[in-house]
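A short write-up of the structure that comes next.
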Amino acid sequence: MYWTLELASYLEDAPWPATKEELIDYAIRTGAPLEVVENLQELEDDGQPFESIEEIWPDYPTKEDFFFNEDEY
7 MYWTLELASY
17 LEDAPWPATK
27 EELIDYAIRT
37 GAPLEVVENL
47 QELEDDGQPF
57 ESIEEIWPDY
67 PTKEDFFFNE
77 DEY
């Protein structure tokens, strides 16, 4: 299983929190690449919903990871 920014971006608008099956369904319905569906299928399923993309890919960059001053824009 591997994630890239491009692959993870397909889940940004997913209906969080969501279970593994809900995320797979969402990825298929929105036309995400097969790699996204395969990555989701490889996740361990403990029955608990995922609260955000960070629970799936802990290194997913957040707004705090970008060093720019929002006041300038």
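For any residue, its number in our numbering is found by taking its place in the sequence shown, counting from 1, and adding 6.
We put the CB at the ideal spot given by N, CA and C, even for glycine.
Nothing here was measured: the structure is a model prediction, and the numbers come from that model.
- Secondary structure note for Q47: its alpha helix (DSSP H) is the uninterrupted segment L40 to E48.
- For the set E44, E18 and W9, the Cα lying nearest the Cα of I30 is the one of E44.
- Around the CB of I59, 16 or more other CB atoms lie within 10 Å, so the residue is classed as buried.
- Taking 7 Å as the cut-off, the Cβ atoms of F56 and A33 do not count as close.
- Annotation for W9: W63 place their beta carbon closer than 6 Å to its own, counting only its chain and skipping 5 residues before and after.
- For A20, the CB contacts under 7 Å within the same chain, skipping 5 residues up- and downstream, are L29 and Y32 in chain order.
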